[in-house]
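Colleague:
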Amino acid sequence: MQHTSVLIVGGSLVGLSASVFLSWRNVPHILVERHRGSSPHPRAMGFTETTVEHYRTVGISVRIPQSAPEARLRRVRTTNLAADWISESDWTPGQTADRSSVLSPCLGAAIAQDKIEPILREAAVELGSELRLGVEMVQFRQVDNGVVALLRELESSREYEVCADYLIAADGANSGIRETLAISRNGVGHLRTLRSVLFECPDADRYLQRGPQQYEIENDGFHAFLTTYGDSRWVLMFDDDKDRSSEELREAVQRALGRDMPFEVIATGLWEMAGRIADRYSDGRVFLVGDAAHQLPPTRGGFGANTGIDDAWNLAWKLQRVLDGLSGPALLDTYSVERQPIGWLRHQQTFSRPDYASWVGSDFRPSTLLSNDAMEFGQIVRSSAVIGAASHLPPAAEPGVWRGQPGTRAPHIWLEGETGEISTLDLFGRNFVLLTASEDWSKSAVGVSVTMMRIGTDIRISDQHVLMEAFGIGHDGASLVRPDGIIAWRALSGPTSESLSALRALISSP
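Okay, structure coming up:
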């Protein structure tokens, strides 16, 4: 029986991201995917700044075309694509879709899923991933020291077993792995089934110069949603579950366009509008990521696919440290504890916003809407892998409010690098990093398995107070940042025996 450290089941967006992140961390693994390529339907479209930050850390963001902040999604109501707009709506009422451009070294990426997946596949192989396409998992069982999976090659029907230390379930909303584990889900559940038609229409692209990319079509009883993938491919989603003939599809597309433009139908689609969050994201040595853990509809805030990529980012460094013996197995227990509340937060924020609020039942209790910047850059995680993320703190807040709060994303500040500007985020990824301006911390933390970064020597910036204020530490303090860029702990004063003991314990095993 072949052995591997990690087996990933599912090779779409999130599974491939997990593979890239693990390979970058030198974690041996096998990824199995029953399909040999991407879906003919583009599916997800648009990736947020934090997602691109993850790809930046592992060195592949340069392969992904990024979008200027002004190119964020705008939605209008109109009778057809060519007509004047009736009104424009915001994802978060009272706020524009744009997020602050000073909070990240990256821009968002307006790229379709079927275009980014080949980039991830290529990067994964280059980094050493073993991708087995055309292979499915038939069944699995957990044993004392791992997971044994029965795999089948679809072309030859050959079956064989693989033993892995850990299993990542990236097998989608209908996850067979989750069902086998009997992990239940909660949320608004099934709301409706929608049909769509994907078509190519280069002439329609000229209307994008007006700004919006999404159109709510309302025209004499005809209701549909029209949007673009930015490459002359457009998708029309119908406001019903009617099975239309080829002629009816063409008539509907022409009506939505509003002008006589040549187009070619590529494919039709069927998808479920639903909200379901798994009650837990792990069971023994099995971890749920992406849609297997949280089923959410497409949103202008990027709460679907991007949340899954964040799952993989959170899990990868924890697997690496445990497998390498740098941290105790208890570190892996923090994955579900940290990520499941994020899934639930994004469920509540999705269905509390106008885009979907009208579809939920009367028993749904909407949440107070959080700002776009808070949802993208200001979420907090709580677990034993963080010290100081008190339960009374809100689930998300404006990044400037946190000022280095443990449990939140380390702030982006431009620094002086040897060959030009670098971001504070470029300092993190491989190991725990201790940021401090104090020589006392540098001396006292000798022997602690941490990368020491002295402000003023290792970290150069014209105004040190800007950096220390962003991290909420004075000259004598220190901030500990995890490999995933989350602040794990901070000290407001110089080292003591108690603080050094807490630092060692946090790094070795939460």
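Start counting the sequence shown at 4; every next residue gets the next number (our numbering). Built from N, CA and C at the ideal position, the CB exists for glycine as well.
So what does glutamine 382 bridge to, in DSSP terms?
Modeller: Within the sequence shown, the letter at position 379 stands for residue 382. Beta-bridge pairing links glutamine 382 to Ala399.
Colleague: Only counting the same chain, and skipping five residues up and downstream in sequence, which positions put a Cβ closer than 8 angstroms to that of leucine 503?
Modeller: The residue labelled residue 503 in the question sits at position 500 within the sequence shown. Only Ser447, Ala448 and Val451 meet the Cβ criterion.
Colleague: Could you give the distance in angstroms between the alpha-carbon of glutamine 5 and the alpha-carbon of arginine 135?
Modeller: Position 2 of the sequence shown, counted from the start, is the residue given in the question as residue 5. Position 132 of the sequence shown, counted from the start, is the residue given in the question as residue 135. One C-alpha to the other measures close to 14 angstroms.
Colleague: Taking tryptophan 316 as part of the alpha helix (DSSP H), name the residues at either end of that continuous run.
Modeller: Position 313 of the sequence shown, counted from the start, is the residue given in the question as residue 316. Run containing tryptophan 316: 308-326, per the alpha helix (DSSP H) assignment.
Colleague: With DSSP as the reference, label serine 235 as helix, strand or coil.
Modeller: As a position in the sequence shown, residue 235 is number 232, starting the count at 1. Of the three classes helix, strand and coil, the one that applies to serine 235 here is coil, per DSSP.
Colleague: Ordered along the chain, which non-local residues of its own chain (more than five positions away) have a Cβ less than 8 angstroms from that of aspartate 117?
Modeller: Here residue 117 refers to the residue found at position 114 of the sequence shown. Excluding positions up to five away in sequence, the list reads Ser41, Ser42, Pro43, His44, Pro45 and Arg46.
Colleague: So, do the segment 158-177 and the segment 13-31 have three or more beta carbon pairs nearer to each other than 8 angstroms?
Modeller: yes
Colleague: What did DSSP end up calling glutamine 69 once you bin it into helix, strand or coil?
Modeller: Along the sequence shown, one-based indexing puts residue 69 at 66. Three-state DSSP puts glutamine 69 in coil, outside helix and strand.
Colleague: Measure from the alpha carbon of arginine 463 to the alpha carbon of each residue in Leu110, Leu418, Phe241 and Gly13, then state which is nearest.
Modeller: If you number the sequence shown from 1, residue 463 lands on position 460. If we check each option's Cα against that of arginine 463, Leu418 comes out closest.
Colleague: Can you name the start and end residues of the alpha helix (DSSP H) that threonine 302 belongs to?
Modeller: For the purposes of this step, residue 302 is taken as residue 299 along the sequence shown, with counting starting at 1. No alpha helix (DSSP H) contains threonine 302, which DSSP labels as neither H nor E.
Colleague: Exposed or buried, lysine 245, counting other C-beta atoms within 10 Å across all chains shown (16 or more means buried)?
Modeller: Counting from one through the sequence shown, the residue named residue 245 turns up at place 242. Its Cβ having fewer than 16 others within 10 Å, lysine 245 is exposed.
Colleague: Please report the straight-line C-alpha distance between glycine 391 and arginine 406, rounded to a whole angstrom.
Modeller: Walking along the sequence shown from the start, residue 391 turns up at place 388. Walking along the sequence shown from the start, residue 406 turns up at place 403. Rounded to the nearest whole angstrom, the CA to CA distance from glycine 391 to arginine 406 is 13 angstroms.
Colleague: Could you pull out every residue in the same chain whose Cβ sits closer than 6 angstroms to the Cβ of serine 386, ignoring the five residues on either side in sequence?
Modeller: What you label residue 386 is simply residue 383 of the sequence shown in a count that begins at 1. Counting only Cβ-Cβ distances below 6 angstroms, and skipping sequence neighbours, we find Thr337, Val340 and Glu341.
Colleague: So which of Gly305, Ala333 and Gly307 has the shortest CA-CA distance to leucine 318?
Modeller: The residue labelled residue 318 in the question sits at position 315 within the sequence shown. Among Gly305, Ala333 and Gly307, the Cα nearest to that of leucine 318 belongs to Ala333.
Colleague: Write down every uninterrupted run of the alpha helix (DSSP H) in the segment 185-218 whose length is 4 residues or greater and which is fully enclosed by it, in chain order.
Modeller: Runs of the alpha helix (DSSP H) inside the segment 185-218: none found.
Colleague: Grab the span of the beta strand (DSSP E) containing glutamate 156 for me, first residue to last.
Modeller: Along the sequence shown, read from residue 1 onward, the residue named residue 156 stands at position 153. From DSSP, the beta strand (DSSP E) with glutamate 156 extends over 149-156.
Colleague: How many Å lie between leucine 273 and glycine 480 at the Cα?
Modeller: Locating residue 273 in the sequence shown gives position 270, counting from the first residue. Locating residue 480 in the sequence shown gives position 477, counting from the first residue. Distance between the alpha carbons of leucine 273 and glycine 480 is about 55 angstroms.
Colleague: Where do the N-terminal and C-terminal ends of the beta strand (DSSP E) with methionine 471 fall, by residue?
Modeller: As a first step, residue 471 must be located in the sequence shown, where it is residue number 468. Note, methionine 471: premise wrong, no beta strand (DSSP E); alpha helix (DSSP H) at 467-474.
Colleague: Would you mind giving the Cβ-Cβ distance between methionine 456 and valine 436, rounded to the nearest angstrom? I have them listed as a contact below 8 angstroms.
Modeller: As a working note, residue 456 is residue 453 in the sequence shown. As a working note, residue 436 is residue 433 in the sequence shown. Correct: roughly 6 angstroms between the Cβ atoms.
Colleague: Would the beta-carbon of valine 128 fall within 8 angstroms of that of arginine 155?
Modeller: Counted from its first residue, the sequence shown places residue 128 at position 125. Counted from its first residue, the sequence shown places residue 155 at position 152. Contact: no.
Colleague: By how many angstroms is the C-alpha of alanine 85 removed from the C-alpha of histidine 226?
Modeller: The count along the sequence shown starts at 1 and reaches residue 226 at position 223. The count along the sequence shown starts at 1 and reaches residue 85 at position 82. Looking at the two C-alpha atoms, the distance is approximately 16 angstroms.
Colleague: Tell me, to the nearest whole angstrom, how far the beta carbon of glycine 459 is from that of alanine 440; I am working on the premise that it is less than 8 angstroms.
Modeller: What you label residue 459 is simply residue 456 of the sequence shown in a count that begins at 1. What you label residue 440 is simply residue 437 of the sequence shown in a count that begins at 1. Confirmed, about 6 angstroms.
Colleague: Under the three-state reduction of DSSP, which class applies to aspartate 294: helix, strand or coil?
Modeller: Numbered from its first residue, the sequence shown carries residue 294 at position 291. If DSSP states are grouped into helix, strand and coil, aspartate 294 belongs with the helices.
Colleague: Tell me, please, whether the segment 250-266 touches the segment 148-166 by the rule of three or more beta-carbon pairs shorter than 8 angstroms.
Modeller: A contact between stretches requires three or more CB pairs, one per stretch, nearer than 8 angstroms, and the segment 250-266 fails this requirement with the segment 148-166.
Colleague: By alpha-carbon positions, which one of Asn222, His32, Gly131 and Gln145 ends up nearest to aspartate 87?
Modeller: Against the sequence shown, residue 87 aligns to sequence position 84. Distance check between aspartate 87 and each of Asn222, His32, Gly131 and Gln145 places Asn222 closest, using alpha-carbon atoms only.
Colleague: How would you write the range of the beta strand (DSSP E) that glutamine 145 sits in, first residue to last?
Modeller: As a working note, residue 145 is residue 142 in the sequence shown. Where glutamine 145 is concerned, the enclosing beta strand (DSSP E) stretches over 138-146.
Colleague: What did DSSP end up calling isoleucine 33 once you bin it into helix, strand or coil?
Modeller: The residue given as residue 33 occupies position 30 in the sequence shown. Residue state, collapsed to three classes: strand.
Colleague: My guess is that threonine 271 and valine 200 are in contact by the Cβ rule of under 8 angstroms, so how many angstroms apart are they, rounded?
Modeller: The residue given as residue 271 occupies position 268 in the sequence shown. The residue given as residue 200 occupies position 197 in the sequence shown. The pair is a contact, with the Cβ atoms about 5 angstroms apart (cut-off 8 angstroms).
Colleague: Got a sec, what are the start and stop residues for the beta strand (DSSP E) histidine 57 sits in?
Modeller: For the purposes of this step, residue 57 is taken as the residue at position 54 of the sequence shown. First-last for histidine 57: 52-60, but that is the alpha helix (DSSP H), not the beta strand (DSSP E).
Colleague: Leaving aside the five residues before and after histidine 478 along the sequence, list all residues of the same chain whose C-beta is less than 8 angstroms from its C-beta, in chain order.
Modeller: Walking along the sequence shown from the start, residue 478 turns up at place 475. The residues are Ala440, Ser441 and Met471.
Colleague: Could you check the C-alpha separation between serine 249 and isoleucine 220 for me, to the nearest Å?
Modeller: Here residue 249 corresponds to residue number 246 of the sequence shown, with the count starting at 1. Here residue 220 corresponds to residue number 217 of the sequence shown, with the count starting at 1. Distance between the alpha carbons of serine 249 and isoleucine 220 is about 20 angstroms.
Colleague: From alanine 413 to arginine 433, what distance separates their C-alpha atoms?
Modeller: Translated into positions along the sequence shown, residue 413 becomes position 410. Translated into positions along the sequence shown, residue 433 becomes position 430. Roughly 15 angstroms separates the two Cα atoms.
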